[in-house]
Each structure stands twice: as structure tokens, then as C-alpha cells.
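Last residue of the sequence shown: number 501 in the working numbering, and the count goes up by one each step with no gaps. Let me begin by presenting the structure, written as C-alpha cells, before commenting on it.
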Amino acid sequence: MKGIFQQEQPMTIRRQYSLPNCTLILEGWSNSTTGDGLQPDARPLLTTLSNAECYVGAMDKPLSGGRDFFEDLVNSVSRYAQEFLSKVPHPQPHAEKPAKVHLQKVEDKNLHRLILLNTAESGAMTNSGKPLHVDLNTVQLFDLVEAIDQFLADGRTLPDISVSLQPVSKHYRQAEKPVTERTGPAAL
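Okay, here's the thing in C-alpha cells:
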């Protein structure tokens with residue numbers, strides 16, 4: 314029998330989103346003592362993230378970290394995928410704290426570089442303290458995008474994290490060639 318002043322340790326909840334080239338593992342617990350009022354679900358509500366791990370391709374050691382790392386990963390991957398598909402550069406939002414995860418196109422190659430800046434909570438860093446670079450091919454990138462989409466669609470896992478999609482101003486769009494330059498002379 315538990316004493317009056319002893320608290321039960323929260324049960325660790327684990328969620329895994331797996332695709333052929335990417336596995337995203339989230340661990341945490343629920344701060345909710347009652348249901349959320351929605352439809353009953355056999356899975357407990359994961360509200361507090363203690364660890365996030367991201368295995369991409371044939372990596373032996375995952376990219377890992379806490380909530381800040383995971384939120385940066387979700388936002389950076391979503392923003393980069395929109396930019397990659399639309400071919401319209403998306404401005405970096407002005408944040409109170411700099412993002413720990415960045416993605417950029419590797420010029421002259423069909424690769425996308427995921428950069429994880431050195432932080433105290435990052436588990437997959439080089440000993441030199443330099444940022445970790447992971448080059449992803451397009452299939453690996455979109456498996457990562459799909460794993461994040463599966464997480465975002467899961468209402469029982471960190472429901473307070475979302476991605477705000479906003480249209481990009483025409484200011485950032487590449488200038489198009491005038492119609493007169495795009496069309497050739499009419500053939501007779």
C-alpha cells in the first residue's frame with residue numbers, strides 16, 4: 314500500500330512511426346488524469362515528451378533529444394518539404410530561440426542535408442562539438458516527412474504540437490519570364 318505522500322511514477326508511453334527509410338520513436342508520459350472528452354481510445358494520451366529518436370537510412374545512432382529538438386525537427390522538415398515541392402523559398406520565422414535542426418539542399422546532388430546543432434540535450438553529436446550533418450536522399454527525406462505527418466495525424470500523441478501552414482508572400486516567388494519570352498513565334 315502506498316503512503317499518503319508517495320506518488321506513483323508515471324508509466325512511460327512509447328510511440329513509433331516506421332517507414333522503410335525512417336523510424337521516429339517518441340517516449341514520454343501523460344499528465345492527464347482523466348480522459349480528454351473525445352472518443353474512447355485504448356492508447357493513453359502522451360502529453361509530455363521525455364525523448365525523441367529519429368533513425369534515418371542506415372544510421373547506427375539516432376538523432377535524439379527532448380521536446381525542443383523534436384519541435385525543431387517537425388517544423389524544419391515541414392518547412393523544407395514545402396519549399397522543396399513548391400520551389401518557392403520560405404522565409405525563416407523569427408523565433409525567440411534559434412532552431413537546432415536545419416535542412417538545406419546539397420547543390421549539384423540529389424541530396425538534402427539535415428544539420429543538428431550541438432546542444433546539451435542532443436544524443437547524436439560528434440565529439441568535436443561541431444554540428445552533425447546527415448545527407449538524405451529524396452526517398453529518405455520523404456519517409457521522414459511521412460513519419461512526421463503520421464505523428465501530426467495522431468491525436469493521442471503530443472496534441473499541443475502542430476505545424477502552422479501559411480501561404481508565402483509573392484515577394485519570395487521567383488520571377489517568371491514574360492509571356493512574350495515564353496512563347497515562340499507562331500508557325501504558319
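Beta carbons are placed, not taken as given, at the ideal position from N, Cα and C, and that holds for glycine. Nothing here was measured: the structure is a model prediction, and the numbers come from that model.
Per DSSP, cross-strand counterpart(s) of residue i
i	result
H446	I428
L362	G341
S331	T336
I326	G341
T470	L359
Secondary structure of residue i, DSSP reduced to three states
i	result
A355	coil
E420	coil
N344	coil
N440	With a pLDDT of only 49 at N440, under the threshold of 50, the placement of this residue in the model should not be trusted; the figure read from the coordinates follows. N440: coil per DSSP, three-state reduction.
R392	helix
T336	strand
S377	strand
V414	strand
V401	coil
V369	strand
V458	helix
V476	coil
Beta-carbon proximity list for residue i, same chain, < 7 Å, skipping 5 on both sides
i	result
S391	I461 and V476
N450	N423 and L424
R469	D354, R356, L358 and L359
Q463	Y330
V452	N334
H446	R426 and I428
Own chain residues within Cβ distance below 6 Å of residue i, not counting five before or after
i	result
Q417	R426
V419	R426
Y368	T336 and P375
S363	E340 and G341
D448	L424 and R426
Status (buried if at least 16 other CB within 10 Å, exposed otherwise) for residue i
i	result
R328	buried
L503	What the structure shows of the chain is the stretch from 314 to 501, and residue 503 is not part of that stretch, so it cannot be assessed.
L398	exposed
A371	exposed
A365	buried
L471	buried
P394	In the sequence as presented, Pro is not what sits at residue 394; that position holds Ala. Buried is the call here.
Cut-off 8 Å between Cβ atoms - residues of its own chain near residue i, not counting five sequence neighbours on either side
i	result
K413	G378, D381, F382, D385, L429, L430, T432 and S435
G345	In the sequence as presented, Gly is not what sits at residue 345; that position holds Ser. Answer for S345: L358 and T360, listed in chain order.
- [ ] Could you tell me whether the region 324 to 338 touches the region 452 to 469, where touching means 3 or more Cβ pairs closer than 8 Å?
- [x] yes
TODO: Determine, using beta-carbon pairs with one atom in the region 392 to 406 and one in the region 372 to 379, whether at least three such pairs fall under 8 Å.
DONE: no
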